[in-house]
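Protein chains in written order, with the numbering used here: chain A, 1 to 421; chain B, 1001 to 1421.
Protein chains: 2
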Amino acid sequence: MIAEIIAAGSEMLTPFRQDTNSLYLTSELNALGVVVAFKTIVGDNLEHLMSAARIAISRADVVIFSGGLGPTEDDLTREAVAGALGLRLRRDNDVLAGIYKRFAARLMTMPPNNARQADVIETATILQNLKGSAPGQYLDTVAGRHRKIVVLLPGPPGELKAMFETECRPRLKQALPERHMARRMLRMALIPESQVDSRTSPIYKQYEDVETTILAGSAEIQLHFVCVKHTQAEAQKRVNQLAERIEAEMGDAIFSSHGESLEEVVLLMLGMRHNTLAAAESCTGGLLSQRLSAIPGSSRYFLGGAVVYADRLKTEFAEVPKEMIATHGPVSAPVASALAEGIRRRTGASVSVAITGIAGPTPGTGPDAEKPIGLVYVGLAFEGEEPRVAELNLTGDRDRIRFWASQHALELLRRALLERA
Amino acid sequence: MIAEIIAAGSEMLTPFRQDTNSLYLTSELNALGVVVAFKTIVGDNLEHLMSAARIAISRADVVIFSGGLGPTEDDLTREAVAGALGLRLRRDNDVLAGIYKRFAARLMTMPPNNARQADVIETATILQNLKGSAPGQYLDTVAGRHRKIVVLLPGPPGELKAMFETECRPRLKQALPERHMARRMLRMALIPESQVDSRTSPIYKQYEDVETTILAGSAEIQLHFVCVKHTQAEAQKRVNQLAERIEAEMGDAIFSSHGESLEEVVLLMLGMRHNTLAAAESCTGGLLSQRLSAIPGSSRYFLGGAVVYADRLKTEFAEVPKEMIATHGPVSAPVASALAEGIRRRTGASVSVAITGIAGPTPGTGPDAEKPIGLVYVGLAFEGEEPRVAELNLTGDRDRIRFWASQHALELLRRALLERA
Chain A
1 MIAEIIAAGS EMLTPFRQDT NSLYLTSELN ALGVVVAFKT IVGDNLEHLM
51 SAARIAISRA DVVIFSGGLG PTEDDLTREA VAGALGLRLR RDNDVLAGIY
101 KRFAARLMTM PPNNARQADV IETATILQNL KGSAPGQYLD TVAGRHRKIV
151 VLLPGPPGEL KAMFETECRP RLKQALPERH MARRMLRMAL IPESQVDSRT
201 SPIYKQYEDV ETTILAGSAE IQLHFVCVKH TQAEAQKRVN QLAERIEAEM
251 GDAIFSSHGE SLEEVVLLML GMRHNTLAAA ESCTGGLLSQ RLSAIPGSSR
301 YFLGGAVVYA DRLKTEFAEV PKEMIATHGP VSAPVASALA EGIRRRTGAS
351 VSVAITGIAG PTPGTGPDAE KPIGLVYVGL AFEGEEPRVA ELNLTGDRDR
401 IRFWASQHAL ELLRRALLER A
Chain B
1001 MIAEIIAAGS EMLTPFRQDT NSLYLTSELN ALGVVVAFKT IVGDNLEHLM
1051 SAARIAISRA DVVIFSGGLG PTEDDLTREA VAGALGLRLR RDNDVLAGIY
1101 KRFAARLMTM PPNNARQADV IETATILQNL KGSAPGQYLD TVAGRHRKIV
1151 VLLPGPPGEL KAMFETECRP RLKQALPERH MARRMLRMAL IPESQVDSRT
1201 SPIYKQYEDV ETTILAGSAE IQLHFVCVKH TQAEAQKRVN QLAERIEAEM
1251 GDAIFSSHGE SLEEVVLLML GMRHNTLAAA ESCTGGLLSQ RLSAIPGSSR
1301 YFLGGAVVYA DRLKTEFAEV PKEMIATHGP VSAPVASALA EGIRRRTGAS
1351 VSVAITGIAG PTPGTGPDAE KPIGLVYVGL AFEGEEPRVA ELNLTGDRDR
1401 IRFWASQHAL ELLRRALLER A
């Protein structure tokens, strides 16, 4: 049972826009036991769309279109799919009345073009759009002697998701053979993909009924497990067995055993220990604080801190002695340590983290002039303990160095909190 | 002259990964006067890949593959394209020797599988890979009586870009009719797309030889102009004429007339006025500082500031009176004003910005309990002037409210700086 997803819209054939609906649709189709074998992006061109529709219907069992259901002349998915299936369009009076009403409710006259949104492929079921005016369409039909399910969904992601959930998923679930899929994700930070693979592959290869995917993301490695069985309990049991064996092998390197982000895990650990956190950031300029504060509820454990980009502010907000900065340079272990301790004291937090480094592209100045781009110091301070500092040598451009520095800071913090379990 | 881009790789048919090479390739092909009409994503499956290759070669003049050139059994692009064109693969001895040498230089034995990377389609030109081991391939051939250009590029973006630039673009440029394309982008923040369209369409519709695209992005509107002429000067002149007329119509709403980001423009304006900036952020938790400090060279004008997430820090770092917070609530105009003035004074900056608001999903507490999620106050303070405050009522989820708040802060700052030109 394979699927093809077709995204219609010329804007997705420019350098500026990308189809993103297919990620959501793939996840939903996978959960129904359907593998996505092809994705096609095609412009607002009837001939191209019809050819793409014909090819997809011939090679896939389930074909999902997104976009091209609007009222303009560029919206051609209805015509293309009808043409590809050799079916006609009929104007649906109920849909038309609904569109009239939408305009009337806003005291507007319906432009004649909008009537096109009421064109429905004969034999198609109409899918209600609760978030917009273009209805979707659902066909369970036969083409070339094979059963084909063809679905037309609107392009705006909010409309597409709402329609898929309430109108499309239940129909697909009923139409497709029952399948039970369990998924789980383990996440690790700052560990090479090759090391993860060499340590985990002897384990996951023993689980042939679980599909394992290793993905290297931004400064983290993800292990995805998927298993399909006759019952949900069976599928979940196999996934959990494998996950537990991998957790035993990788130990503390795994920061998340159910998909949580590193920020979420750190905040959770702070909460469990009744700790509060503050940050002083130089080269990351607020990135670490931004990542932490993006998590809902973070204000209970994350107090804030200072963006000490200018050296003067390192003294003003974190009491780093001026002479220390002049002697060692702002990018140095003593300054990282003093920054961490100073911001902790000033904010009254029980734990603090400080980051100072050279993100580039231009090198440091004064005592930092000879230091390499990518040199970063992370300081950690716990109430009643001596602060400690880690030296990092990061590579890549400014964005990468800044992100990896924030990732290292979170991972060092997580490991320090683990020691205090 | 139309192109199709095919991305090969099963990971791009999962919910976790997306093809991104096609954005770069589209931009490059457009610059050569080639329109991208189809994009296809296909997994590591010989039958599927060969079918996709056959279809693309039949419907497009230029077909560019990315991925599937590695040494593993899943790397099937060579076989698929040879099959689709009815050509054979030959093992190239020079390429093979090169791969042997790469391994020898690392004191490793070449695994037999890697020899597959030396398989070249007969009649193809080999494209050197300066950043990896898989060579590319370039075919200028005839299929179905039409001239077809077929290019095989490696999947890793760094390898693909380097190979395209040095090995592929020059060949395409020579093979394709000479075209001269000029592009330009205008950017506007916080203005509805419909307003931009209704004010600019009477102008850009007069320039039929310039293709105008309006894109609504994250809290900004972009106007893209593209023009193709016989000479570069002619094309540039038309694009500039149109851009200038649109600039005259939209005036100060345009923050960027050559594509710069809002952060870059604000930093540039601060520099021209010999101003320095500091920020105090509550609900955005460092996002605004992070955006500013992400720009190389920002440290000359952006000093930093404080993330005053906890109320106590509003007093500690920006001297907001405790009683003011207790009376009005942290999300209030008086607090925004005091935060802006306080952070300016404490950092010694000449200009400052402060953000306080309710990002959700949970409502505020104490005096803020009745205030709606999305209520945000932005304070601006200039040395020697009374601070001023703008009240915003934003919609959407936490991420959106935070991003829009930072965007409003930057745009308010830009307009305030404009007044002081």
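Note that the Cβ used here is the ideal one computed from N, Cα and C, for glycine as well. Everything numeric in this text was worked out from a predicted model, so none of it was measured.
Under the Cβ distance rule, Leu287(A) counts among the residues neighbouring chain B, one pair being separated by less than 8 Å. In the DSSP assignment, Arg1184(B) falls within the beta strand (DSSP E) that extends over 1180 to 1189. Per the Cβ contact rule, the stretch 19 to 34 of chain A is not in contact with the stretch 110 to 117 of chain A (fewer than 3 Cβ pairs under 8 Å). If you draw a straight line from the Cα of Glu220(A) to the Cα of Ser194(A), it is about 12 Å long.
Judged by their CB atoms, Phe1065(B) and Leu1127(B) are not nearer to each other than the 8 Å cut-off. Within chain B, the residues placing a beta-carbon under 8 Å from that of Asp399(A) are Ala1294, ordered along the chain. The three-state reading of DSSP puts Phe1164(B) in helix, counting H, G and I together. Shown in chain order are the members of the stretch 1310 to 1323 of chain B whose Cβ falls below 8 Å from a Cβ of chain A: Ala1310, Arg1312, Leu1313, Glu1316, Phe1317. Under the 10 Å beta carbon count, Asn21(A) is surrounded by 16 or more other beta carbons and is classified as buried. Taking the beta carbon of Ser194(A) as reference, no residue of chain B falls within 9 Å; the closest one sits roughly 14 Å away. One alpha carbon belongs to Leu89(A), the other to Gly67(A), and they sit about 18 Å apart. For Thr327(A), the enclosing alpha helix (DSSP H) starts and ends at 322 to 328. Against chain A, the beta carbon of Gln1018(B) has neighbours under 9 Å at Gln18, Asp19, Thr20, Ser22, Leu23, listed in chain order.
At least one CB of chain A lies nearer than 8 Å to the CB of Ser1051(B). If you draw a 10 Å sphere on the C-beta of Ser406(A), you find 16 or more other C-beta atoms in it, and that means buried. Annotated as distal: Ile1254(B) and Arg1300(B), with beta-carbon spacing of 8 Å or more.
When DSSP states are grouped into helix, strand and coil, Gly1374(B) belongs to the coil group.
Using a Cβ-Cβ cut-off of 8 Å, Phe1302(B) counts as an interface residue toward chain A, since at least one Cβ of chain A sits closer than that to its own. Inside the stretch 58 to 134 of chain A, DSSP marks whole beta strand (DSSP E) runs of 3 or more residues at positions 62 to 66, 89 to 91, 119 to 121, 125 to 127, from first to last along the chain. Scanning chain A for C-beta atoms nearer than 7 Å to the C-beta of Pro1361(B) yields Pro296, reported in chain order.
If you draw a 10 Å sphere on the C-beta of Gly70(A), you find 16 or more other C-beta atoms in it, and that means buried. Against chain B, the beta carbon of Pro15(A) has neighbours under 8 Å at Leu1023, Tyr1024, Thr1026, Ser1027, Asn1030, listed in chain order.
Under the Cβ distance rule, Lys1039(B) counts among the residues neighbouring chain A, one pair being separated by less than 8 Å. What Gly251(A) touches in chain B, judged by beta-carbon distance under 8 Å, is nothing: the nearest beta carbon there is about 24 Å away.
Glu73(A) has its alpha-carbon roughly 14 Å from the corresponding atom of Ala118(A). Rounded to whole angstroms, the gap between the alpha carbons of Leu13(A) and Met1163(B) is 22 Å.
DSSP, reduced to helix, strand and coil, places Phe225(A) within a strand of the structure shown.
Against chain A, the CB of Arg1116(B) has no partner CB under 8 Å away; the residue lies outside that interface. Within a 10 Å sphere around the beta-carbon of Glu1281(B) sit 16 or more other beta-carbons, which makes this residue buried. Here Met1269(B) is buried. Its C-beta has 16 or more other C-beta atoms within 10 Å. DSSP places Val210(A) in no alpha helix (DSSP H) but in the uninterrupted beta strand (DSSP E) bounded by 210 to 216. Note: Ala354(A) is bridge-paired with Ala280(A), Gly379(A) in the DSSP secondary-structure output. The three-state secondary structure of Asn45(A), taken from DSSP, is coil. Residues of chain B whose Cβ lies closer than 8 Å to the Cβ of Ser299(A) are, in chain order, Tyr1309, Ala1310.
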